[in-house]
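Q: Residue numbers (UniProt numbering): 1 to 1260.
Every residue gets a Cβ at the ideal spot worked out from N, C-alpha and C, and that includes glycine.
Structure incoming, see below.
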Amino acid sequence: MWSNRKRMKIILGKMTFFMKVMPPKRRYYDVIAKEYLAARLEATMAKEKGDRKHQEQASRIIRKLKQELSALGLSDDNLALEYEQISTNHASERASMSHELLIEKGSHDDVSYSAIILPSDGAAINGSDVENHSVEGDLTKSCLPEVHVEKDSAQGEAGDIELGGFFLEDVPSNEIHPDILKAQKLEKIKRLSEKNLDKLDGIWKKGDTQKVPKAILHQLCQKSGWEAPKFNKILGRGKSFAYTVSILRKASGRGKNRKAGGLVTLKLPDQNETFESAEDAQNKVAAYALFQLFPDVPVHLLITEPYALAVIKWMEGESLTKLEDSVEDHKSRFVESLLSGDGSGETVSADVTDYTHPQNNSRIDENKSSTIDSHQSFSQRRTYIKELESTNLREVQYIKMGSQKYQDILNFRTTLPISTLKDDITQMLKENDVLVVCGETGSGKTTQVPQFILDEMIESGHGGHCNIICTQPRRIAAISVAERVADERCEPSPGSDGSLIGYQVRLDSARNEKTRLLFCTTGILLRKLMGNRNLTGITHIIIDEVHERSLLGDFLLIVLKNLIDKQSTESSSKVKVILMSATVDSSLFSRYFGHCPVVTAEGRTHPVTTYFLEDIYDQINYRLASDSPASLTNETVPSRQRAPVTNSRGKKNLVLSAWGDESVLSEEHFNPYFVSSYYQSYSEQAQQNMKRVNEDVIDYDLIEDLICYIDENCDEGSILVFLPGVIEINHLHDKLVASYQFGGPSSDWVIPLHSSVASTEQKKVFLHPPRNIRKVVIATNIAETSITIDDVIYVIDCGKHKENRFNPQKKLSSMVEDWISQANARQRQGRAGRVKPGICFRLYTRYRFEKLMRPYQVPEMLRMPLVELCLQIKLLSLGYIKPFLSMALESPKIEAMDSAISLLYEVGALEGDEELTPLGHHLAKLPVDVLIGKMMLYGAIFGCLSPILSVSAFLSYKSPFVYPKDERQNVERAKLTLLNDKQDGPGEGNDINRQSDHLVMMIAYKRWENILNERGSKAALQFCNSYFLNSSVMFMIREMRVQFGTLLADIGLITLPKYYQMDGKRIGNLDRWLSDASQPFNMYAHHSSILKAILCAGLYPNVAAGEQGIVAAALSSVKRSPSSAISNRTVWFDGRREVHVHPSSINSNTKAFQYPFLVFLEKVETNKVFLRDTSVISPYSILLFGGSINVQHQTGLVIIDGWLKLNAPAQIAVLFKELRLTLHSILKELIRKPENVIVLKNEIIKSIITLLLEEGSVPK
């Protein structure tokens, strides 16, 4: 008994020593964090003020806190990162404002930043010292609740508590606090994130965007040499989805380092967890597989949310278990040492050792931090950081509001009509998920509504959570609006430090982690949806110019509607959607989104006077000549052919007309819309004009006279002329600069504006001309809504635009010139009178506007191909194509959907029950036509990537060739010169007849690139001028090549060099690398037969054939023109009709073709059906990459797709058929496992290349 009491006394003695080492109370990690941030801010403010004393005292506090963290085994890196996130370029202003707020209000709402001064010796301050030093009064003395001991507690319980609660599990003890455990876990995760980055070479590098877990798992499995993961659906989950993932791993290593292989199947730890879509379920289990199979790889850096957060939580759980085990082990060791009496317990592990730390040394509201759950999650920590940022943004906003410049701009903004609706808009968004904002031109909705939302969130203390995306229909609009908004907010340019505004368009981005309002094109937002289907982290989506009814815009509306419907059943934060337009059928959009509210703003108060065609005739006394193209009496007008002269009366009328006596012609009313009673109040000359005017034809003479009339008779102000296309703009531009009135210095201010004009040149339209010179802007509908030219007073509207239409039955695209809608006309009218009363001249009649024009434009979804849209539907796992598209505002026709789905099956993008193939998966991620995308993939596989990248860029963007007036023959000669280039042109010995527009593009770019790299931009510009090339287009092609190359690297077909970085300085280096002939992906880049075969592989089924290449039955059924029978040129057919090579093609004047087959990207219909950009292809190419093969053994013919005819012995045809089947299986596997794409290692690919090279070397 005595010995036991003695042993207990020894234990109590050692425990007393242990308790002296431990402090009476343990502080929250969160308090340390806040103290650290406050001290850093105090040090910064003191340094800016030159206050050395306070700076040193703040630095002392920081050192103490670092020591406190270090003793806990933690780093201050995370806290330093948090400090960087709440600091800005306005640090000094924020500091002074913080002091002002403290003086005025006594304390800040969230965090107070003035530090309490420690004694100079750095000793700890006791409670009374804190009270004496504090300006604000008492502070919470501890963040942890004290351990209260009930007086009537049992003896055993009192004994345990006397021992400091060391043996209790649930008491808030002096051990490591859960917050400290959390911080240690995060520290471990951070260290993991910083190491093993070398294992991600070729998969991910800092700055890359995240991908879905399935994609990363696929890449890591490939890199490890494992089989591709297979996802297995778990049955019995009803309408919900759950999956397991199985991976066949190969054994690796030797001896002790050998790792066993075999099949592993993984399922989520929570086996009851289910998902609404198969894609979500597969991605979640893929994330878990990444966590389990690659524990040393920081996979959370690579994958998108919410999967990255899930991995971090799994990592946290594992770390917590290990830390808790470590603490338990320490307890056991300590107790054993006490009982053994060996004295070893006097040394305590660093994990539980504490020290005398300085008491609270900054005026921080610890009551707030004490309410934070000690078991807060990672998302709560992130929320805390956001709250700190919100406080900072609010302070910066207060400072900004005191600026005179900001107040001046704010006063201007309040004059805009939309400003009266600010409170209504913000309040409605609090109460509704969707809002429609209508505003006439000039109301300010585009620039102001996003700012209303941003300002309201900042002022309400939620700025750190704010993430607004505003889509614009065009690149120029996204960039110019972002710049305007940043200027209005007195912020640096978009994307700069200190700016909350950014923009992102194709090949150009200006944004950073501080961006809170992003302007982008619709396509960019849809790309974001690929990695963030629920738009997690985005607070507001603003769709501007929704009335344009673009293809991607209507598609986005379907996605957002489904998302809003899904949100209504969830309690999580919701995305708010705002639809904006100047002229919109608001009821249509309101009904679509469940009768959401609509707010309408009036336009500018400056009136706009409108004159129609009959008014213009009358006002400027214009006389429509009988030989004018716009006169129906002119024989050249295609819409009306005059009857042949068959009697003396007709001949006499012709003679009188030739003498200038046109009175005889007035007996007949040629204009079918002329009603004499409408025009009785107009002059006789105006009535005569109206009788024979052809409104369908643009009267350039009238436009020139009208511009000159305005210049001579009207007040100052710029003139904006709307024309349908580039050709029309150039025609009027040349006409004006050749005139007396607008020649000389004035010609510099006759400015064309269309999408092909470089961005730097487009900015000139916003400048003001010198005195006595009138600016004339000639534009397409790009000036209708996308940009605003403030000094425009006069608008001339021709009433026409060009739009693309697709006929699914004919599979034919056509660019047609058509009348605009009434809504478009009002938009154009609204461009006048931005600064004072304006005038709009409409070159069409009042009758046409009121009776013949449709109210709104035909949506693109009803007149455009749907192929790319269908691919996006499958990539985003949005369900079956037809049901999804049937949810559109106006559903496309069944024929159009069938045509798109059929093409996707034909190119191999879909299989089975609308299942996306590996090829389709890759094609959906390439921002190009599916045929061009397939061509790029095959170009990398067959070793001719660089030239195929050039062709793909040109076909996706535009032709580089320009056609000056009367220079067409010189342009064609320049093309032929390039095609016969021996240095940079591809070719084999006997391949002298290349007959390919695509080869011309490849060579032109190669020549330009070599000159640019070797002799500089000036020499490259001279080259462009010599060969009629557009220099700005060539630079755009270079950027697109780099973009396409990086996308192929993301897929895994090529591996980018390690030095590569995506910025302007590196674009040239990477483009040179992509052109390097020594790279394996360019092994056959100089062989035209290989290049043409890849063109066929990509562009098929867009094939045309001459009579020699078509079976007799098919030839007899196609439509032929009468002139083809007497023509001595090759007649081409597309299987349904006769087609013609476009006059701009190098093959348009060719009489003898090497082979009777052409490939092309598109055909357009005007007066004929034309094929653009053609290339002659060989029979071998069609046999290998064409459609289904039917071998006719009796006749020795091979029929492709039922209409193309090839002459070949049956034995060779059968061999090709088998070879094609083998090739298809190999290509499918290479696309599924792109890292295996090495041409030299694949014998089948090498054999096919040899066949194509041999065919190309045989004389024809």
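Taking the alpha-carbon positions, what's the F884 to I873 distance?
A: As a first step, residue 884 must be located in the sequence shown, where it is residue number 884. As a first step, residue 873 must be located in the sequence shown, where it is residue number 873. Each residue's Cα considered, the two are about 8 Å apart.
Q: Looking at the unbroken alpha helix (DSSP H) that takes in E803, where does it start and where does it end?
A: Taking the sequence shown and counting its residues from 1, one reaches residue 803 at position 803. From DSSP, E803 is part of no alpha helix (DSSP H) but of the beta strand (DSSP E) over 800-807.
Q: Flag this pair as yes or no: are the beta carbons of Q210 and I312 separated by less than 7 Å?
A: Stepping through the sequence shown from its first residue, residue 210 is reached at position 210. Stepping through the sequence shown from its first residue, residue 312 is reached at position 312. Contact: no.
Q: When you compare the CB positions of R1041 and A953, do they come within less than 7 Å of one another, or not?
A: The count along the sequence shown starts at 1 and reaches residue 1041 at position 1041. The count along the sequence shown starts at 1 and reaches residue 953 at position 953. Their beta carbons are under 7 Å apart, which means R1041 touches A953 by this criterion.
Q: Please list, in chain order, all residues of the same chain as F291 whose beta carbon is under 6 Å from its beta carbon, the five residues on each side excluded.
A: Here residue 291 refers to the residue found at position 291 when the sequence shown is read from its first residue. Answer for F291: V311, W314, listed in chain order.
Q: Please return the same chain residues whose Cβ sits closer than 7 Å to the Cβ of R533, not counting the five positions on each side in sequence.
A: In the sequence shown, the residue the question calls residue 533 occupies position 533. Cβ neighbours of R533 beyond the five flanking positions: L876.
Q: Can you list, in chain order, the residues of its chain whose CB lies under 8 Å from that of N132, leaving out five sequence neighbours each side?
A: Your numbering for residue 132 matches position 132 in the sequence shown. Its pLDDT being 34, under 50, N132 is placed unreliably in this model, and the coordinates cannot settle the point.
Q: Rounded to the nearest angstrom, how far is the Cβ of V1164 from that of N1102, given a contact under 8 Å?
A: Locating residue 1164 in the sequence shown gives position 1164, counting from the first residue. Locating residue 1102 in the sequence shown gives position 1102, counting from the first residue. Actually they are not in contact, since the Cβ atoms of V1164 and N1102 sit about 13 Å apart, beyond 8 Å.
Q: Among the candidates S509, K445, E704, Q504, whose CA atom is the shortest distance from the CA of S581?
A: The residue labelled residue 581 in the question sits at position 581 within the sequence shown. Among S509, K445, E704, Q504, the Cα nearest to that of S581 belongs to K445.
Q: Are the stretch 715-733 and the stretch 761-777 touching by the rule of at least three beta carbon pairs closer than 8 Å?
A: Contact between the stretch 715-733 and the stretch 761-777 is present, because at least three Cβ pairs lie under 8 Å.
Q: Check whether the Cβ atoms of W749 and P769 lie closer than 7 Å to each other.
A: For this step, residue 749 is matched to residue 749 along the sequence shown. For this step, residue 769 is matched to residue 769 along the sequence shown. Cβ atoms of W749 and P769: closer than 7 Å.
Q: Count the other CB atoms, across all protein chains shown, that sit within 10 Å of the CB of H998; report buried if there are 16 or more and exposed otherwise.
A: Numbered from its first residue, the sequence shown carries residue 998 at position 998. When all chains shown are included, H998 counts as buried.
Q: Count the CB pairs spanning the stretch 781-795 and the stretch 830-838 that are closer than 8 Å, and state whether there are at least three.
A: Cβ pair count under 8 Å is three or more, so yes.
Q: Note down, in chain order, each residue of its chain lying with its Cβ closer than 7 Å to the Cβ of Y938, except the 5 sequence neighbours on either side.
A: Taking the sequence shown and counting its residues from 1, one reaches residue 938 at position 938. Result list for Y938: I1094, A1097, G1098, in chain order.
Q: Taking the runs of the alpha helix (DSSP H) that are 4 residues or longer, which of them lie wholly in the stretch 834-914?
A: If we require 4 residues or more, the alpha helix (DSSP H) runs fully inside the stretch 834-914 come out as 867-875, 881-885, 894-907.
Q: I'd like the list of long-range same chain contacts for P295, defined as Cβ closer than 6 Å, with 5 residues on each side in sequence excluded.
A: Numbered from its first residue, the sequence shown carries residue 295 at position 295. Contacts found: none.
Q: Using C-beta distances below 6 Å, list every residue in its chain close to R1038, excluding the 5 sequence neighbours before and after it, in chain order.
A: Locating residue 1038 in the sequence shown gives position 1038, counting from the first residue. Cβ neighbours of R1038 beyond the five flanking positions: D1071.
Q: Residues in the same chain with beta-carbon distance under 6 Å from E1009, minus the five sequence neighbours each way, listed in chain order, please.
A: Along the sequence shown, one-based indexing puts residue 1009 at 1009. Taken in chain order, the list of residues that qualify is empty.
Q: Tell me, which residues are paired with P752 by DSSP?
A: Here the question's residue 752 lines up with position 752 in the sequence shown. Its beta-bridge partners are I778.
Q: What alpha helix (DSSP H) runs, 4 residues minimum, are completely inside the stretch 1006-1064?
A: As far as the stretch 1006-1064 is concerned, its whole alpha helix (DSSP H) runs of at least 4 residues are 1017-1026, 1031-1051.
Q: Compute the Euclidean distance between the alpha carbons of L435 and V598, then round it to the nearest angstrom.
A: The residue you call residue 435 lines up with position 435 of the sequence shown. The residue you call residue 598 lines up with position 598 of the sequence shown. When rounded, the distance between both Cα atoms is 6 Å.
Q: What are the boundary residues of the alpha helix (DSSP H) that includes M457?
A: The residue given as residue 457 occupies position 457 in the sequence shown. Here the alpha helix (DSSP H) through M457 covers 445-459.
Q: Can the beta-carbon of T1222 be found less than 7 Å from the beta-carbon of I1245?
A: Here residue 1222 refers to the residue found at position 1222 when the sequence shown is read from its first residue. Here residue 1245 refers to the residue found at position 1245 when the sequence shown is read from its first residue. Their beta carbons are not under 7 Å apart, which means T1222 does not touch I1245 by this criterion.
Q: With the cut-off set at 7 Å, would you say L266 and V299 are in Cβ contact?
A: Counted from its first residue, the sequence shown places residue 266 at position 266. Counted from its first residue, the sequence shown places residue 299 at position 299. Their beta carbons are not under 7 Å apart, which means L266 does not touch V299 by this criterion.
Q: Among P1080, L1183, V575, which one has its Cα closest to the Cα of N1242?
A: The residue you call residue 1242 lines up with position 1242 of the sequence shown. The residue with the shortest Cα to Cα distance from N1242 is P1080.
Q: Short of 7 Å in beta carbon distance, which residues of its chain neighbour P745, apart from the five on each side in sequence? Order them along the chain.
A: Counted from its first residue, the sequence shown places residue 745 at position 745. Around P745: I773.
Q: Just grab the DSSP bridge partners of T265 for me.
A: The residue you call residue 265 lines up with position 265 of the sequence shown. Its beta-bridge partners are S246.
Q: Between A1077 and R1220, what straight-line distance do the alpha-carbon atoms span, to the nearest angstrom?
A: Translated into positions along the sequence shown, residue 1077 becomes position 1077. Translated into positions along the sequence shown, residue 1220 becomes position 1220. Rounded to the nearest angstrom, the two C-alpha atoms are 28 Å apart.
Q: Return helix, strand or coil for R692, following the three-state DSSP convention.
A: Locating residue 692 in the sequence shown gives position 692, where the first residue counts as 1. R692 falls in the helix class under three-state DSSP.
Q: Just to confirm before moving on: does the CB-CB distance between L1029 and P960 stay below 7 Å?
A: In the sequence shown, residue 1029 corresponds to position 1029, counting from 1. In the sequence shown, residue 960 corresponds to position 960, counting from 1. Contact: yes.
Q: Whose C-alpha, out of E890, A1105, P1209, is nearest the C-alpha of Q1154?
A: Counted from its first residue, the sequence shown places residue 1154 at position 1154. If we check each option's Cα against that of Q1154, A1105 comes out closest.
Q: Assuming residue 1263 is part of the beta strand (DSSP E), what are its boundary residues?
A: Because the chain in this structure spans residues 1 to 1260, residue 1263 falls outside the shown range and cannot be described.
Q: DSSP three-state call for M1083: helix, strand or coil?
A: Residue 1083 sits at position 1083 when you count from the first residue of the sequence shown. Reduced to three states, the DSSP call for M1083 is coil.
Q: At which residues does the beta strand (DSSP E) containing S581 begin and terminate?
A: In the sequence shown, residue 581 corresponds to position 581, counting from 1. Start and end: 576-581.
Q: Decide if T1250 is buried, meaning its Cβ has at least 16 other Cβ atoms within 10 Å, or exposed.
A: Here residue 1250 is taken as the residue at index 1250 of the sequence shown, counted from 1. Exposed, by the Cβ-count rule.
Q: Helix, strand or coil for L945, going by three-state DSSP, please let me know.
A: Here residue 945 refers to the residue found at position 945 when the sequence shown is read from its first residue. Reduced to three states, the DSSP call for L945 is helix.
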